[in-house]
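Participant: Got a structure for you, questions after.
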Amino acid sequence: MNRTFTVHFSEPKADDRAEIEQFIRTVFFQAYGAKISHFMPRLMSLRDLEGKLFAACGLRDATHERLFLETYTDQPIEQLLSARVGRPVPRKDIIEIGNFSVAEMGMARLLNGAIFDQLHATSKHWAVFTGVQLLRNALIKSDITPEFLCDVDKQRLPLEEQADWGSYYEQKPQVMAIERSESITEKKMQPALIAALARQCAQQPDVLALVGEKHTFSYGELGRAIEQISALLHTFPAHTLGLALDNSALWAVLDLAGLASHKVIIPLPFFFSAEQIAHSILDAGITSILTDQPAGYEQILSASGIETEAVCTHIIGGREITELRLANIPTKVLPEGTVKVTYTSGTTGHPKGVCLSANALYQVAESLRIATHAQPGDQHVSVLPFATLLENLAGIYVPLLAGATCHLQPLATVGLSGSSGLDVQKMLGALIKRDATSTILTPQLLHALIAALEAGHPKPAHLRFVAIGGATVSERLLLRAEALKLPVFEGYGLSECASVVALNTESAHRIGSVGRPLPHNRLKFAADGEILVAGSTLLGYIGDEPVKAGDYWPTGDIGFLDDEGYLHLSGRKKNIFITSFGRNVSPEWVERELTLYPAIAQAAVFGEGRPWNTAVIVPRGTTPEGMAAVNLAIAEANRLLPDYAQVKCWLPANAPFLPQNGQLTANGRLKRDA
209 MNRTFTVHFS
219 EPKADDRAEI
229 EQFIRTVFFQ
239 AYGAKISHFM
249 PRLMSLRDLE
259 GKLFAACGLR
269 DATHERLFLE
279 TYTDQPIEQL
289 LSARVGRPVP
299 RKDIIEIGNF
309 SVAEMGMARL
319 LNGAIFDQLH
329 ATSKHWAVFT
339 GVQLLRNALI
349 KSDITPEFLC
359 DVDKQRLPLE
369 EQADWGSYYE
379 QKPQVMAIER
389 SESITEKKMQ
399 PALIAALARQ
409 CAQQPDVLAL
419 VGEKHTFSYG
429 ELGRAIEQIS
439 ALLHTFPAHT
449 LGLALDNSAL
459 WAVLDLAGLA
469 SHKVIIPLPF
479 FFSAEQIAHS
489 ILDAGITSIL
499 TDQPAGYEQI
509 LSASGIETEA
519 VCTHIIGGRE
529 ITELRLANIP
539 TKVLPEGTVK
549 VTYTSGTTGH
559 PKGVCLSANA
569 LYQVAESLRI
579 ATHAQPGDQH
589 VSVLPFATLL
599 ENLAGIYVPL
609 LAGATCHLQP
619 LATVGLSGSS
629 GLDVQKMLGA
639 LIKRDATSTI
649 LTPQLLHALI
659 AALEAGHPKP
669 AHLRFVAIGG
679 ATVSERLLLR
689 AEALKLPVFE
699 GYGLSECASV
709 VALNTESAHR
719 IGSVGRPLPH
729 NRLKFAADGE
739 ILVAGSTLLG
749 YIGDEPVKAG
759 DYWPTGDIGF
769 LDDEGYLHLS
779 GRKKNIFITS
789 FGRNVSPEWV
799 ERELTLYPAI
809 AQAAVFGEGR
819 PWNTAVIVPR
829 GTTPEGMAAV
839 NLAIAEANRL
849 LPDYAQVKCW
859 LPANAPFLPQ
869 NGQLTANGRL
879 KRDA
């Protein structure tokens, strides 16, 4: 039976640090009778999806401190290594590996692979370590031949420490080094997601993987396309690539090839304003943009004062794609291990770049594959743009890991136009025509789908999983979906946690909750009820300090776990207001109830320090009849709300709430201070 393992990093004060140190002590004691008391500053561990620990080792950067193994050398490690390989090796290119521990020898190969991934992620060229013949053999079985540097002399240790090592020194350990050559990295150390996809491509080469409007790829063709395009991307001078295409099979291939070629891929949302696009380019240091809309992007770049150094045309997958190479873009240092940057809007109006690792993306995708029972034969139809992390991950990675088929049509084909336009007939038609078994919708799209089905339109016959994300959903809307026998499952996530944190599923479903946390996550709650998440969290924001591995991320959301482990959301911490009567109100709750009525397209509720609550309403109709319908809808909603949450007065908005006018974030949340 195949097992899936994920890589975790733990700093000295991480919650799981004591567990990993005890694991290392146990392994060394069982093998040599050794009593380990010293540990590397950073520990790396391999766990299965249930969190069980199978392997661990320690990491120390030679740039910052003396290495433990320099106890055994007569000269600094960079001098010894340089003399051995016959060329200069800067100390900054060296990382020390120690505390190497595996529960079973078969895990050594996986741990070696994770070490090479870390070398690549940290731009280190050499790993140095002390090891016995057993470790050397494990490396050779992985096609890695270590360089011998020197023998180890136990007498160099302080006398009081020598006895603690048991029989370890009887195994004649040596100081060794391994180099991160590009050929080894490319051959051996592909990100786990790419490696898992390669297995699918080999196992079912003739099964359809991607179905686009103009191009389809079987799994065999997809594997070859990723290899070919990855080779092309290796020729690009840019390390950081912007991806600005409509939904298509090619979008998915380029994204996967970027991951395989160790480029940093930054999807540029079509709903971003020109100012936000320019900010993202400069913020992330994007030096090449791949696009199917070159004229529009050249205009944006010109208006923003960003120079185009070259315009290159590539035929990729039989389709012409333009590469815009940008000039004079300042280089940005991203957190180590960044493979994708997804932009989420902050309170300032400038989008914030969330830096994610390959491991985080894979952990979430694999957890979702298991939770949703994704399987071969499934037909996933994408309705949301791939520039949103949720659809990128759950609409491409998850189906492909399961051996299913992804249907990737341009957004206009599935009924979306602009940032808020929807042709529900086209959306329904796409789901029915493609025999969709799964799709992902926002609450607004779900509302439109339910309204269409209640009006008598045919229901897609094969749907088994409709995931809802982007914002919380009214319980009444979910009950309407249940009455129609729509398999709707609400979840919860955020970009900083690599998308999905919790999800209702077919086997674990509770309306009113956002489901149980996915198995790779750990949750706890602050004193005020804020949800704190550890697991697949961000590496950091662009321009900020890196986030420490293993730390709990403050989500900004208030919630709780019930007795059966389902997560419930109460609202955004910063959005809850207190009325002049001292009652706490979550505006999202009131807004969900208001927008259930057809007369109200959007609503924003305020009431901090006031004796009544006020709503800014986007009516569906601006005629006198439309305004009267809003009044009736508010009166009906107030009947169902407690008095302190009722809306006593309302104002019509000047325009719909959109990302373009700064009223919504990129993922559709209200910007209340805009």
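Each residue of the sequence shown is one higher than the one before, starting from 209 at the first, in the working numbering.
We put the beta carbon where it would ideally sit given N, CA and C, even for glycine.
Being a predicted model, the structure only gives us computed values, none of them experimental.
#1: Which whole-angstrom value is the C-beta distance of G764 and V793, which I expect to be below 8 Å?
#2: Once the 5 residues before and after G374 are set aside, which same chain residues still bring their CB inside 6 Å of it?
#3: Return the bridge partner residues of E698 from the DSSP annotation.
#4: Look at the alpha carbon of F425 and the alpha carbon of H487, and state the distance between them as a whole number of angstroms.
#5: Taking the beta strand (DSSP E) that L692 falls in, what are its first and last residues?
#6: State the start and end residues of the unbroken beta strand (DSSP E) segment that holds L859.
#7: Are at least three pairs of beta-carbons, each pair with one atom in the region 772-785 and one in the region 708-722, less than 8 Å apart?
#8: Just to confirm my understanding: we take K856, look at its own chain, exclude 5 residues before and 5 after, and list those with CB closer than 8 Å. What are they?
#9: Tell me whether Q408 is buried or exposed, calling it buried when 16 or more other Cβ atoms sit within 10 Å of its Cβ.
#10: For Q230, name the three-state secondary structure that DSSP assigns.
#11: At the level of alpha carbons, what is the spacing between N307 and F247?
#12: Report the residue ranges of all beta strand (DSSP E) runs contained in full by the region 239-270; include only those spanning at least 3 residues, in chain order.
#13: Starting from the C-beta of P445, find all residues in its chain whose C-beta is less than 8 Å away, skip the five residues before and the five after it, and write them out in chain order.
#14: Assess, as a yes-or-no matter, whether the region 693-712 is touched by the region 664-680 under the definition of 3 or more beta carbon pairs within less than 8 Å.
#15: Say whether the region 580-590 touches the region 517-536, bearing in mind that this needs 3 or more beta-carbon pairs closer than 8 Å, one atom from each stretch.
#16: Decide if the region 827-844 is in contact with the region 458-473; the criterion is three or more beta carbon pairs, one per stretch, under 8 Å apart.
#17: Which whole-angstrom value describes the C-beta separation of V681 and L654, a residue pair presumed to lie in contact below a C-beta threshold of 8 Å?
#18: Note down, one range per segment and in chain order, each alpha helix (DSSP H) of at least 4 residues found wholly within the region 786-829.
#19: Along the chain, where does the alpha helix (DSSP H) that runs through C893 open and close?
#20: Whose C-beta lies closer than 8 Å to the C-beta of M209 among residues of the same chain, with five residues either side of it excluded?
#21: Verify whether the separation of the beta carbon atoms of V589 and A644 is less than 9 Å.
#22: Answer yes if the region 254-263 comes into contact with the region 286-302, meaning at least three C-beta pairs across the two stretches below 8 Å, and no otherwise.
#23: Give a yes or no on whether the C-beta atoms belonging to A837 and N567 are separated by under 9 Å.
#24: Could you check what DSSP says for V541 in three-state terms: helix, strand or coil?
#25: Count the other CB atoms, across all protein chains shown, that sit within 10 Å of the CB of V541; report buried if there are 16 or more and exposed otherwise.
#26: Go through its chain and collect everything with a Cβ distance to D224's Cβ below 8 Å, but skip five positions before and after it.
#27: Hey, could you find the ends of the alpha helix (DSSP H) A198 is sitting in?
#28: Grab the span of the beta strand (DSSP E) containing V741 for me, first residue to last.
#29: With distance defined between alpha-carbon atoms, name the residue in G545, E544, P559 nearest to Y551.
#30: Check the C-beta distance from S788 over to G817 and give it rounded, since I have them as a contact under 8 Å.
#31: Out of curiosity, what's the CA-to-CA distance linking T556 and L289?
#32: Whole angstroms is fine: what's the gap from I392's alpha carbon to L569's?
#33: Taking a contact to mean a Cβ-Cβ separation below 9 Å, would you say L267 touches Q326 in this structure?
#34: List the whole-angstrom C-beta distance separating A518 from A482, where the pair is believed to meet the contact cut-off of C-beta under 8 Å.
#35: Let me check understanding here. Comparing Cα to Cα, which of Q810, A264, F262 lies closest to R880?
#36: On the three-state DSSP scale, how would you describe H442?
Facilitator: Reading off the structure:
#1: Not quite, the Cβ-Cβ distance comes to about 17 Å (not below 8 Å), so this is no contact.
#2: Y240, G241, A242
#3: I676
#4: 35 Å
#5: From DSSP, L692 is part of no beta strand (DSSP E); its letter is neither H nor E.
#6: Per DSSP, L859 belongs to the beta strand (DSSP E) from 855-860.
#7: yes
#8: W820, N821, T822
#9: buried
#10: helix
#11: Near 7 Å, if we compare the C-alpha coordinates of F247 and N307.
#12: 250-256, 261-269
#13: T495, S496, R533
#14: yes
#15: no
#16: The region 827-844 vs the region 458-473: no contact.
#17: 7 Å
#18: 795-802
#19: Residue numbering for the chain in the displayed model covers 209 to 882; residue 893 lies beyond these limits and cannot be assessed.
#20: For M209, the predicted structure reports a pLDDT of 37, less than 50, and the residue's modelled location is therefore unreliable. The matter cannot be settled from this model.
#21: yes
#22: no
#23: no
#24: When DSSP states are grouped into helix, strand and coil, V541 belongs to the coil group.
#25: By the Cβ neighbour-count rule, V541 is exposed, with fewer than 16 other Cβ atoms within 10 Å of its own.
#26: H216, S218, S253, G758
#27: Only positions 209 to 882 of the chain appear in the structure, and residue 198 is not among them; the question remains open.
#28: 738-742 is the span of the beta strand (DSSP E), which, as asked, contains V741.
#29: P559
#30: 6 Å
#31: Residue placement at T556 is flagged as unreliable, the pLDDT there being 44, under the threshold of 50; the coordinate-derived value follows with that caveat. Rounded to whole angstroms, T556 to L289 spans 49 Å at the Cα level.
#32: In this predicted model, I392 has a pLDDT of only 34, less than 50, meaning its place in the structure is not dependable enough to derive any value.
#33: yes
#34: That belief does not hold up - the Cβ atoms of A518 and A482 are roughly 21 Å apart, past 8 Å.
#35: Q810
#36: helix
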